[in-house]
Amino acid sequence: MKKFIISVIILTALFSCKIKPPQLIRIEGKQTAINETIAADKTFENTIKPYREKVEKEMTTVISYTPKDLYRTDGDLESSLGNLMADLCYKRANPVFNSRTGKNIDFALFNYGGIRAGISQGNITNESAFNLMPFENSLVVVELTSEKIKELVNYLIEENKAHPLSKQLNLAVTEKGYDLKINDAALDNAKNYFVLTSDYLQTGGDNMNFFKDPVTVHKLDYKVRNAIIDYFKETDTIEISLDGRFRNEKTLKN
Amino acid sequence: MKRRNFIQKSTAATAFLTLGGLSLQSFASKNSKHITILHTNDVHSHIDPFPSTDSRYANMGGVARRATLVEAIRKENPNTLLLDAGDIFQGTPYFNFYGGELEFKLMSMMKYDAATIGNHDFDNGIDGLLAQLPHAQFDFLSANYDFKNTVLNTPIKPYKIFIKDGIKIGVFGLGIELKGLVDPKMYKETIYLNPLEIAQDMSRILKDDEKCDLVICLSHLGYHYKSDKISDLALASKTKNIDLIIGGHTHTFLPKPTIVKNSAGENVLVNQVGCYGLNLGRIDFYFDSDKNLASKGKSIIV
Numbered sequence: 351m352k353k354f355i356i357s358v359i360i361l362t363a364l365f366s367c368k369i370k371p372p373q374l375i376r377i378e379g380k381q382t383a384i385n386e387t388i389a390a391d392k393t394f395e396n397t398i399k400p401y402r403e404k405v406e407k408e409m410t411t412v413i414s415y416t417p418k419d420l421y422r423t424d425g426d427l428e429s430s431l432g433n434l435m436a437d438l439c440y441k442r443a444n445p446v447f448n449s450r451t452g453k454n455i456d457f458a459l460f461n462y463g464g465i466r467a468g469i470s471q472g473n474i475t476n477e478s479a480f481n482l483m484p485f486e487n488s489l490v491v492v493e494l495t496s497e498k499i500k501e502l503v504n505y506l507i508e509e510n511k512a513h514p515l516s517k518q519l520n521l522a523v524t525e526k527g528y529d530l531k532i533n534d535a536a537l538d539n540a541k542n543y544f545v546l547t548s549d550y551l552q553t554g555g556d557n558m559n560f561f562k563d564p565v566t567v568h569k570l571d572y573k574v575r576n577a578i579i580d581y582f583k584e585t586d587t588i589e590i591s592l593d594g595r596f597r598n599e600k601t602l603k604n
Numbered sequence: 217m218k219r220r221n222f223i224q225k226s227t228a229a230t231a232f233l234t235l236g237g238l239s240l241q242s243f244a245s246k247n248s249k250h251i252t253i254l255h256t257n258d259v260h261s262h263i264d265p266f267p268s269t270d271s272r273y274a275n276m277g278g279v280a281r282r283a284t285l286v287e288a289i290r291k292e293n294p295n296t297l298l299l300d301a302g303d304i305f306q307g308t309p310y311f312n313f314y315g316g317e318l319e320f321k322l323m324s325m326m327k328y329d330a331a332t333i334g335n336h337d338f339d340n341g342i343d344g345l346l347a348q349l350p351h352a353q354f355d356f357l358s359a360n361y362d363f364k365n366t367v368l369n370t371p372i373k374p375y376k377i378f379i380k381d382g383i384k385i386g387v388f389g390l391g392i393e394l395k396g397l398v399d400p401k402m403y404k405e406t407i408y409l410n411p412l413e414i415a416q417d418m419s420r421i422l423k424d425d426e427k428c429d430l431v432i433c434l435s436h437l438g439y440h441y442k443s444d445k446i447s448d449l450a451l452a453s454k455t456k457n458i459d460l461i462i463g464g465h466t467h468t469f470l471p472k473p474t475i476v477k478n479s480a481g482e483n484v485l486v487n488q489v490g491c492y493g494l495n496l497g498r499i500d501f502y503f504d505s506d507k508n509l510a511s512k513g514k515s516i517i518v
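Residue numbers (my numbering), protein chains in the order written: chain E, 351 to 604; chain S, 217 to 518.
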């Protein structure tokens with residue numbers, strides 16, 4: 351009998367509660383780190399496996415060869431890897447730009463920080479290109495006035511870093527200031543120059559503000575990494591050296 | 217679990233007998249409901265755990281491990297929603313080679329309920345995103361990207377209402393301003409609408425019109441900015457009727473969810489779990505129909 355009464359009370363209580371809307375009374379928050387203490391789900395592993403194998407195979411595919419180590423730190427104001435990167439981007443991009451505009455790119459400039467990994471002596475794989483350039487930046491050609499080129503040069507001298515520059519630009523820091531040649535000619539104050547760089551730097555990355563408000567910007571729809579891979583694929587053995595394209599003649603004299 | 221329930225019930229019965237009246241505890245257990253929200257953000261195509269040689273995240277992350285954890289939590293509480301706050305794409309060769317196919321397939325297997333769109337989800341253009349949508353068995357929600365002049369108009373909805381154990385949960389999505397962040401040729405004629413105004417509209421629709429018990433904002437706006445750019449913290453303080461903002465974009469690691477007072481003086485939870493699938497966020501909501509319990513207000517334990 352007692353049991354029956356309790357049941358009736360509980361039932362009545364339940365029904366009377368049912369009609370009331372549920373109210374939020376407590377919130378708890380926490381997070382769990384995903385680490386090796388959690389076993390991997392087998393079904394998921396099996397789904398991933400064929401994709402992983404194909405990616406690994408693709409990444410380890412040999413696409414070129416370098417007889418020496420390529421680093422961004424093997425020079426003073428230039429580097430073997432920086433020279434290679436700027437030159438190969440120029441080489442891949444100029445035909446694209448020329449076919450669209452009938453004009454030629456004057457030189458290429460990227461940033462030291464954008465070189466994300468070195469390449470060791472031996473085979474070069476797709477993975478080398480991914481490590482060198484993990485970002486999805488694309489190539490752009492920026493038309494700059496000679497005034498902006500002067501800003502660019504001052505930036506390079508101020509930064510005093512081995513920012514990747516293509517061989518068309520020759521810059522010496524001298525006692526008097528600097529000595530600049532673009533395609534073997536002195537800076538023409540009446541001329542605009544076409545500079546190849548990445549969309550990241552054009553929009554103000556690494557404080558390269560001289561790229562920000564150019565005369566024109568031409569997007570090439572060509573990713574930096576794809577230019578690197580395409581160049582490696584067409585080049586059996588990489589040949590690159592330090593050639594003093596950007597140098598400090600003040601320190602050399604001392 | 218069952219045993220604990222039994223003990224609670226017998227305690228309740230004892231209370232009836234001894235007190236001869238209604239105990240507060242008694243039907244709290246019967247009429248209480250429990251909703252679990254699990255979330256990720258900025259996974260950026262990190263399918264595999266980081267290698268043991270990684271300088272920052274050695275042996276951390278991994279989708280197959282996350283799947284194990286999610287499954288265990290679902291067993292514990294079937295009334296669980298799994299959400300992602302965007303930037304599913306871009307960051308490993310899996311994306312470069314497959315365009316997001318594997319990311320979406322695995323998220324579907326894990327039974328994600330909804331995701332919002334991050335700026336990197338436009339990396340292969342809106343056409344690239346559309347092409348992968350057949351692999352996603354979950355909804356993409358975005359209330360402040362107007363896709364009416366694009367191919368994404370039909371597949372992407374502003375919000376969705378989920379009902380779990382009778383609890384109505386409204387989830388809406390918010391995206392970051394794309395101009396200057398994404399190449400216009402990628403997002404085409406997607407129109408960015410003011411997230412704050414949209415959030416105010418959405419929370420009114422979900423709370424007042426749809427009578428949701430819980431309103432969740434899935435945001436890719438970013439946690440906080442020094443400038444006056446709209447962020448999750450700013451959004452939380454300038455809106456009302458939102459219970460939880462799950463954020464992304466800024467890859468913010470928080471020691472615990474942030475509690476912010478909204479425009480009506482109520483507490484809002486803002487959470488984000490870093491990036492790359494290194495963590496799984498979890499927020500548990502406990503409801504009760506008991507008037508006396510409810511009148512005490514909600515407690516937040518973080």
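Yeah, the Cβ is synthetic: ideal placement off N, Cα and C, and Gly gets one too.
At which residue ranges does the segment 395 to 475 of chain E contain complete beta strand (DSSP E) runs of 3 or more residues, listed in the order of the chain? Counting only runs of 3+ residues, the beta strand (DSSP E) found wholly inside the segment 395 to 475 of chain E occupies 412 to 416, 472 to 475, in chain order.
Whole angstroms are fine: how far does the CA of Tyr581 of chain E sit from the CA of Asn275 of chain S? Within the second sequence, the letter at position 59 stands for residue 275 of chain S. Within the first sequence, the letter at position 231 stands for residue 581 of chain E. Straight-line Cα distance between these residues: approximately 34 Å.
Top-ranked residue by Cα proximity to Leu318 of chain S, from E:Asn481, E:Thr397, E:Asp571: Working through the second sequence from its first residue, we reach residue 318 of chain S at position 102. The option with the nearest alpha carbon to Leu318 of chain S is E:Thr397.
TODO: Kindly give me the distance between the Cβ atoms of Ile432 of chain S and Leu460 of chain S, rounded to whole angstroms, as I take these residues to be in contact under 8 Å.
DONE: Looking up residue 432 of chain S in the second sequence gives position 216. Looking up residue 460 of chain S in the second sequence gives position 244. Going by Cβ atoms, the distance from Ile432 of chain S to Leu460 of chain S rounds to 5 Å, so yes, they are a contact pair.
Report task. Enumerate in chain order the residues of its own chain whose CB-to-CB distance from Gly316 of chain S is below 6 Å, with the five nearest sequence positions on each side excluded. Result -> On the second sequence, residue 316 of chain S is found 100 positions in, with the first residue counted as 1. Around Gly316 of chain S: Phe305, Gln348.
- Pick from S:Ser515, S:Ile253, S:Leu494 that is closest to Gly277 of chain S, judged by C-alpha positions: One-based indexing of the second sequence puts residue 277 of chain S at position 61. Gly277 of chain S has its Cα closest to that of S:Leu494, out of S:Ser515, S:Ile253, S:Leu494.
So, with DSSP's three-state summary, where would you put Asp417 of chain S? Position 201 of the second sequence, counted from the first residue, corresponds to residue 417 of chain S. In the three-state DSSP reduction, Asp417 of chain S falls in the helix class (H, G or I).
TODO: Step through the CB atoms of chain S and report whether any lies within less than 7 Å of the CB of Glu386 of chain E.
DONE: For the purposes of this step, residue 386 of chain E is identified with residue 36 of the first sequence, where counting begins at 1. By this cut-off, Glu386 of chain E is an interface position.
- [ ] Might you give, ordered along the chain, the residues of its own chain that have their beta carbon closer than 6 Å to the beta carbon of Lys507 of chain S, omitting 5 neighbours on each side?
- [x] Here residue 507 of chain S refers to the residue found at position 291 when the second sequence is read from its first residue. So the list is empty, once near-sequence residues are dropped.
Quiz prompt | Those residues which DSSP pairs with Glu493 of chain E across a bridge | solution = Indexing the first sequence from 1 puts residue 493 of chain E at position 143. Note: Glu493 of chain E sits in a beta bridge opposite E:Phe544, E:Thr566.
> Ala390 of chain E versus chain S: which residues are under 9 Å apart at the beta carbon?
Replying inline: As a first step, residue 390 of chain E is located in the first sequence; it is residue number 40 there, counting from the start. Per Cβ cutoff of 9 Å: Pro265, Gly278, Val279, Ala280, Arg281, Ala283, Thr284.
Val398 of chain S in three-state terms, based on DSSP: One-based indexing of the second sequence puts residue 398 of chain S at position 182. Three-state result, Val398 of chain S: coil.
Check the Cβ of Ile377 of chain S against every Cβ in chain E and list those closer than 7 Å, keeping chain order.
-> As a first step, residue 377 of chain S is located in the second sequence; it is residue number 161 there, counting from the start. Chain E residues near Ile377 of chain S: none, gap ~15 Å exceeds 7 Å.
**Request:** Compute the distance between the beta-carbons of Asn572 of chain E and Leu489 of chain E, then report whether it is under 7 Å.
**Result:** Translated into the one-based positions of the first sequence, residue 572 of chain E becomes position 222. Translated into the one-based positions of the first sequence, residue 489 of chain E becomes position 139. Note that residue 572 of chain E is Tyr in the sequence shown, not Asn. Yes, these two residues count as a Cβ contact at 7 Å.
Exercise for the section: Find out if the Cβ-Cβ distance for the pair Asp300 of chain S, Thr256 of chain S is shorter than 7 Å. Expected result: Reading the second sequence from its first residue, position 84 is the one you call residue 300 of chain S. Reading the second sequence from its first residue, position 40 is the one you call residue 256 of chain S. Contact: yes.
Reference Asn473 of chain E, options E:Ala390, E:Val491, E:Pro417, E:Thr566, closest by Cα: Numbered from 1 along the first sequence, position 123 holds the residue referred to as residue 473 of chain E. For Asn473 of chain E, the nearest C-alpha among the options comes from E:Pro417.
Secondary structure of Leu297 of chain S, DSSP reduced to three states | Translated into positions along the second sequence, residue 297 of chain S becomes position 81. If DSSP states are grouped into helix, strand and coil, Leu297 of chain S belongs with the strands.
Taking contact to mean 3 or more Cβ pairs, one atom from each stretch, closer than 8 Å, check whether the segment 543 to 557 of chain E and the segment 448 to 462 of chain E are in contact. yes
**Asked** When the Cα atoms are used, what is the spatial distance from Glu497 of chain E to Ala536 of chain E?
**Response** Along the first sequence, read from residue 1 onward, the residue named residue 497 of chain E stands at position 147. Along the first sequence, read from residue 1 onward, the residue named residue 536 of chain E stands at position 186. Those two C-alpha atoms are separated by around 14 Å.
- With a cut-off of 8 Å on the beta carbons, I'd call Tyr492 of chain S and His260 of chain S a contact; round off their distance for me. Start at 1 with the first residue of the second sequence, and residue 492 of chain S comes out as number 276. Start at 1 with the first residue of the second sequence, and residue 260 of chain S comes out as number 44. The pair is a contact, with the Cβ atoms about 6 Å apart (cut-off 8 Å).
Quick check on Val484 of chain S: does DSSP put it in helix, strand or coil? Taking the second sequence and counting its residues from 1, the one referred to as residue 484 of chain S is at position 268. In this structure, Val484 of chain S counts as strand in the three-state DSSP scheme.
Starting from the beta carbon of Ile383 of chain S, find every residue of chain E whose beta carbon is closer than 8 Å, and list them in chain order. On the second sequence, position 167 is the one that residue 383 of chain S refers to. Under the 8 Å cutoff, chain E gives Pro372.
(Q) Taking CB distances under 7 Å as the criterion, tell me whether Ile499 of chain S reaches chain E. (A) Looking up residue 499 of chain S in the second sequence gives position 283. True, the Cβ-Cβ gap to chain E drops below 7 Å.
For this session: Compare the beta carbon distance of Gly391 of chain S and Tyr439 of chain S with 7 Å and say whether it is the shorter of the two.
Result: On the second sequence, position 175 is the one that residue 391 of chain S refers to. On the second sequence, position 223 is the one that residue 439 of chain S refers to. No, Cβ-Cβ distance for Gly391 of chain S and Tyr439 of chain S is not below 7 Å.
4-residue-minimum alpha helix (DSSP H) runs that sit fully inside the segment 549 to 599 of chain E, ordered along the chain
The alpha helix (DSSP H) runs of length 4 or more contained entirely in the segment 549 to 599 of chain E are, from start to end of the chain, 549 to 552, 574 to 584.
Go ahead and label Lys407 of chain E buried or exposed: buried means 16 or more other beta carbons lie within 10 angstroms of its beta carbon, across all protein chains shown. Taking the first residue of the first sequence as position 1, residue 407 of chain E is located at position 57. Exposed, by the Cβ-count rule.
_Outcome for Thr474 of chain S when other beta-carbon atoms lying within 10 angstroms are tallied against a minimum of 16_ = Here residue 474 of chain S corresponds to residue number 258 of the second sequence, with the count starting at 1. The residue is buried, with at least 16 neighbouring Cβ atoms inside 10 Å.
(Q) Check whether chain S comes within 7 Å of Thr451 of chain E, counting only Cβ atoms and requiring the distance to be less than that. (A) Your numbering for residue 451 of chain E matches position 101 in the first sequence. Among the residues facing chain S, Thr451 of chain E is not included, as its CB has no counterpart in that chain under 7 Å away.
Worksheet item: Within this structure, are the beta carbons of Lys384 of chain S and Asp429 of chain S separated by less than 7 Å?
Response: Looking up residue 384 of chain S in the second sequence gives position 168. Looking up residue 429 of chain S in the second sequence gives position 213. Taking 7 Å as the Cβ cut-off, Lys384 of chain S and Asp429 of chain S qualify as a contacting pair.
Q) Is any beta-carbon of chain S found at less than 7 Å from that of Ala383 of chain E? A) Here residue 383 of chain E refers to the residue found at position 33 of the first sequence. Yes - at least one Cβ of chain S is within 7 Å of the one on Ala383 of chain E.
Cβ contact (3+ pairs, closer than 8 Å) linking the segment 469 to 486 of chain E and the segment 494 to 513 of chain E:
no
>> Using 7 Å as the threshold, is the C-beta distance between Leu437 of chain S and Ile462 of chain S below it?
In response: In the second sequence, counting from the first residue as 1, residue 437 of chain S sits at position 221. In the second sequence, counting from the first residue as 1, residue 462 of chain S sits at position 246. Taking 7 Å as the Cβ cut-off, Leu437 of chain S and Ile462 of chain S do not qualify as a contacting pair.
Does Phe394 of chain E get closer than 7 Å to chain S when you measure Cβ to Cβ? The sequence position of residue 394 of chain E within the first sequence is 44, counting from 1. Chain S contact via Cβ: present.
Any Cβ of chain E within less than 7 Å of the Cβ of Pro309 of chain S?
What you label residue 309 of chain S is simply residue 93 of the second sequence in a count that begins at 1. Interface flag for Pro309 of chain S against chain E is set, since a Cβ pair is found closer than 7 Å.
Below 8 Å, can you find three or more Cβ-Cβ pairs linking the segment 507 to 517 of chain E to the segment 366 to 373 of chain S? no
inquiry  = Using the three-state DSSP reduction, which class does Ala535 of chain E fall into: helix, strand or coil?
reply    = Along the first sequence, read from residue 1 onward, the residue named residue 535 of chain E stands at position 185. Of the three classes helix, strand and coil, the one that applies to Ala535 of chain E here is strand, per DSSP.
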